[in-house]
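A.B. asks: One line per chain: the protein sequences are R and F, in this order. Sequential numbering from 1 applies to the first sequence in the numbering used here. Sequential numbering from 1 applies to the second sequence in the numbering used here. Virtual Cβ for every residue (Gly too), placed ideally from N, Cα, C.
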Amino acid sequence: MSRATAKKWEEKLLDDEKIHYLLELGKTKPHFMPQLVEAFAKCSVEIFKELKGRRTEPETIFHLGHKLKGMSSNIGAQKLERLAAEIENAGKDGKLYDIDALIEEAEIAFFQTRELLTLK
Amino acid sequence: MKSVSLKNRYLLILDDDPLVSPILEQALEVESVCFSRTKEILAFEADVDPLAIFVDLHLTESESGLDVIPQLRNRFASTPILVITSSQTEESLSESLATGADDFIRKPLSLKEVTARLQRRLGDADQRVAADSVKFGDVVLHREHRQLRGAGKRAELSPLGQRILQALIEAKGTVVSREKLKKLAWNGRAVTDNALDRKVYEVRQALKETSRCLQITTLYGSGFVLEVKPSKSEVA
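Take a look at the structure:
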């Protein structure tokens, strides 16, 4: 598979429609989008820190996954939203055997998303 | 206890998602006051009622927005309360509507939906206030919640105090006799002048808190009248 094809099949990090809408919404206020990204980044870092520290507590995992999912959906971070939903479900079902890998994958998606968002 | 001196209408938000408040502010072009914990929103005080209240159902492991909706409804009788939820279950939605919420919006926020629902609920709230309230001078009497509001403040009335004030408002500046007030307030039951005077005192105190221009004047031998206070120049 060529690099271009691989990129085409790669899951998109951002929901373009949502991002476009937020940029339109904030066009009268230059600080709107940077403030959103900063709030998103700050809160996500705290969530990941707590997820790692409380990885054996299903209820906490459920709650943190839910919070990350809601925030990601509001800023159009669609890949992170999907992974956060998986974390949420793992906590809800009490099936935490794969949670470390899931948190790691979500955190990578978060770093990539943050980088893309700061360019907007 | 957090107290804010907001002069204009604002959104009151209970949500632990830090993006909700700036997005709603920007979309609805209204300032907001946002809390992430239930105890914070219950301790909140302001001079002016919010335009609308948004409550997230899922807060922390031990806290739900559902827990505070009845108190918020009791305090802000005519303000629309909209629940924000990502829950897909009908149960939590019906529960939130039963506790006093007016509507719900699902996450992720669709701002077109938020705006449409809020406008509709604001229209409902206006109608509800109009049907439930009596305006006189610079005060409004909200009958369902027995509250007198004016000058950015509110005062609670007892059922008897409310009936007395309503009778005086309906008399539109004319004198209401003691006997008529007793009959209207106590439904024809025999009561002493002293009992009536105590209730009139309660209404006077409520007016003192909420009105800059109204007063109840005693006309000895005739009764009471609710009227506009004479201005200082008129007194001189």
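#1: Would Q127/F pass as an interface residue toward chain R - the criterion being a Cβ-Cβ separation below 8 Å?
#2: Which bits of chain F does E59/R rub up against, with CB to CB less than 9 Å?
#3: Cα separation between T60/F and F110/R?
#4: Can you have a look at E202/F and say buried or exposed, based on whether 16 or more other CB atoms are within 10 angstroms of its CB?
#5: Would you verify that the beta carbon of F40/R is, or is not, closer than 8 Å to some beta carbon of chain F?
#6: Would you mind giving the Cβ-Cβ distance between V83/F and V48/F, rounded to the nearest angstrom? I have them listed as a contact below 8 Å.
#7: CA-CA distance, C213/F and E227/F?
#8: Alpha carbon to alpha carbon, what distance is there between L109/F and A90/R?
#9: Suppose you measure from the CA of L28/F to the CA of T115/F; what does that come to, to the nearest Å?
#10: Among residues of its own chain, excluding the 5 on either side of S86/F, which ones have a beta-carbon nearer than 6 Å to its beta-carbon?
#11: From the DSSP output, in three-state form, read off E17/R for me.
#12: Could you run through the region 10-24 of chain F and flag, in chain order, every residue whose CB is less than 8 Å away from some CB of chain R?
#13: Give, in chain order, every residue of the region 22-53 of chain R whose Cβ lies closer than 8 Å to some Cβ of chain F.
#14: So is the beta-carbon of E170/F under 7 Å away from any non-hydrogen atom of the ligand ATP?
#15: Compute the Euclidean distance between the alpha carbons of F35/F and T210/F, then round it to the nearest angstrom.
#16: To the nearest angstrom, how far is the alpha carbon of A77/R from that of D98/R?
#17: So is L109/F in contact with chain R if we call contact Cβ pairs under 8 Å?
#18: Give the interface partners of Q26/F over in chain R, defined as CB-CB distance under 7 Å, in chain order.
#19: Looking at the secondary structure, which residues open and close the alpha helix (DSSP H) in which D193/F lies?
#20: Quick one, which residues of the region 81-104 of chain F are near chain R if we go by CB-CB under 7 Å, in chain order?
#21: So with Cβ pairs under 8 Å, would you call G70/R a contact of chain F?
#22: Is the beta carbon of A101/F closer than 8 Å to that of I69/F?
#23: DSSP three-state call for F35/F: helix, strand or coil?
#24: Is M1/R helix, strand or coil when you go by DSSP?
#25: Measure the C-alpha to C-alpha separation of M1/F and H66/R and round it to an integer number of angstroms.
#26: Contact criterion: CB-CB distance below 8 Å. Does I99/R meet it with respect to chain F?
#27: Quick test of the definition: if touching needs 3 or more C-beta pairs under 8 Å, does the region 80-88 of chain R touch the region 17-32 of chain F?
#28: Answer yes or no: does any C-beta atom of chain F fall closer than 8 Å to that of H63/R?
#29: For G26/R, which residues of its own chain have a beta-carbon under 6 Å away from its beta-carbon, when the five flanking residues on both sides are left out?
#30: So is A109/R in contact with chain F if we call contact Cβ pairs under 8 Å?
#31: My output table needs one value for S3/F: the three-state DSSP class, helix, strand or coil.
#32: Given that a residue counts as buried once 16 or more other Cβ atoms are within 10 Å of its Cβ, and exposed if not, what is A6/R?
#33: Below 8 Å on the Cβ atoms is my contact criterion, and I expect D103/F with R121/F to pass it. Report the Cβ-Cβ distance as a whole number of Å.
#34: Is the distance from the Cβ of S133/F to the Cβ of R143/F below 8 Å?
#35: Taking H58/F as the query, report the chain R residues whose CB atoms sit under 7 Å from its CB, ordered along the chain.
#36: With a threshold of 6 Å on Cβ separation, who are the neighbours of A155/F within its own chain once the five nearest residues in sequence on each side are excluded?
C.D. replies: Based on what the coordinates show:
#1: The sequence position of residue 127/F within the second sequence is 127, counting from 1. Chain R contact via Cβ: absent.
#2: Position 59 of the first sequence, counted from the first residue, corresponds to residue 59/R. The answer, in chain order, is E61.
#3: Here residue 60/F is taken as the residue at index 60 of the second sequence, counted from 1. Here residue 110/R is taken as the residue at index 110 of the first sequence, counted from 1. The alpha-carbon separation between T60/F and F110/R amounts to approximately 22 Å.
#4: In the second sequence, the residue the question calls residue 202/F occupies position 202. It is buried - the Cβ of E202/F has at least 16 other Cβ atoms within 10 Å.
#5: Here residue 40/R refers to the residue found at position 40 of the first sequence. At least one chain F Cβ lies under 8 Å of F40/R.
#6: In the second sequence, residue 83/F corresponds to position 83, counting from 1. In the second sequence, residue 48/F corresponds to position 48, counting from 1. At roughly 23 Å, the Cβ-Cβ gap does not stay under 8 Å, so V83/F and V48/F are not in contact.
#7: Taking the first residue of the second sequence as position 1, residue 213/F is located at position 213. Taking the first residue of the second sequence as position 1, residue 227/F is located at position 227. About 8 Å.
#8: Position 90 of the first sequence, counted from the start, is the residue given in the question as residue 90/R. Position 109 of the second sequence, counted from the start, is the residue given in the question as residue 109/F. Cα to Cα, A90/R sits roughly 24 Å from L109/F.
#9: Along the second sequence, one-based indexing puts residue 28/F at 28. Along the second sequence, one-based indexing puts residue 115/F at 115. One C-alpha to the other measures close to 7 Å.
#10: To locate residue 86/F, count along the second sequence from 1; it is residue 86. These residues qualify, in order along the chain: K107.
#11: Walking along the first sequence from the start, residue 17/R turns up at place 17. It is helical.
#12: D16, D17, P18, L19, V20, P22, I23
#13: L22, L25, G26, K29, F32, Q35, L36, A39, F40, K42, C43
#14: Questions concerning the ligand ATP fall outside what the structure shown contains, since it holds no ligand whatsoever.
#15: Numbered from 1 along the second sequence, position 35 holds the residue referred to as residue 35/F. Numbered from 1 along the second sequence, position 210 holds the residue referred to as residue 210/F. For F35/F and T210/F, the distance between alpha carbons rounds to 28 Å.
#16: Residue mapping note: residue 77/R aligns to position 77 of the first sequence, counting from 1. Residue mapping note: residue 98/R aligns to position 98 of the first sequence, counting from 1. If you take the alpha carbons of A77/R and D98/R, they lie about 22 Å apart.
#17: Indexing the second sequence from 1 puts residue 109/F at position 109. True, the Cβ-Cβ gap to chain R drops below 8 Å.
#18: Position 26 of the second sequence holds residue 26/F. Under the 7 Å cutoff, chain R gives L25, G26, K29, F32.
#19: Residue 193/F sits at position 193 when you count from the first residue of the second sequence. Per DSSP, D193/F belongs to the alpha helix (DSSP H) from 193-210.
#20: Cβ contacts with chain R: S86.
#21: One-based indexing of the first sequence puts residue 70/R at position 70. Yes, G70/R lies at the interface with chain F (some Cβ there is under 8 Å from its Cβ).
#22: To locate residue 69/F, count along the second sequence from 1; it is residue 69. To locate residue 101/F, count along the second sequence from 1; it is residue 101. Contact flag set, yes.
#23: Position 35 of the second sequence, counted from the start, is the residue given in the question as residue 35/F. Three-state result, F35/F: strand.
#24: Start at 1 with the first residue of the first sequence, and residue 1/R comes out as number 1. Low local confidence applies: a pLDDT of 46 at M1/R is under 50, so the model's placement there is unreliable, with the coordinate-based value given in what follows. In the structure shown, M1/R adopts coil according to DSSP, grouped into three states.
#25: The sequence position of residue 1/F within the second sequence is 1, counting from 1. The sequence position of residue 66/R within the first sequence is 66, counting from 1. Model confidence at M1/F stands at a pLDDT of 39, short of 50, so the residue's coordinates are unreliable and nothing is read from them.
#26: Position 99 of the first sequence, counted from the first residue, corresponds to residue 99/R. Closer than 8 Å: no.
#27: no
#28: As a first step, residue 63/R is located in the first sequence; it is residue number 63 there, counting from the start. So, interface residue.
#29: Within the first sequence, the letter at position 26 stands for residue 26/R. Hits under 6 Å: F32, M33.
#30: As a position in the first sequence, residue 109/R is number 109, starting the count at 1. Not an interface residue.
#31: Mapped onto the second sequence, residue 3/F falls at position 3. Here S3/F scores only 44 on pLDDT, less than 50, and its place in the model should not be relied on; the value that follows carries that caveat. Here S3/F sits in strand by DSSP.
#32: In the first sequence, residue 6/R corresponds to position 6, counting from 1. In this predicted model, A6/R has a pLDDT of only 48, less than 50, meaning its place in the structure is not dependable enough to derive any value.
#33: Counting from 1 along the second sequence, the entry for residue 103/F is found at position 103. Counting from 1 along the second sequence, the entry for residue 121/F is found at position 121. Their Cβ separation, rounded to whole angstroms, is 5 Å, which keeps D103/F and R121/F in contact under 8 Å.
#34: Counted from its first residue, the second sequence places residue 133/F at position 133. Counted from its first residue, the second sequence places residue 143/F at position 143. Yes, these two residues count as a Cβ contact at 8 Å.
#35: On the second sequence, residue 58/F is found 58 positions in, with the first residue counted as 1. In chain order: H66.
#36: For the purposes of this step, residue 155/F is taken as residue 155 along the second sequence, with counting starting at 1. Result list for A155/F: L148, A206, E209, T210, in chain order.
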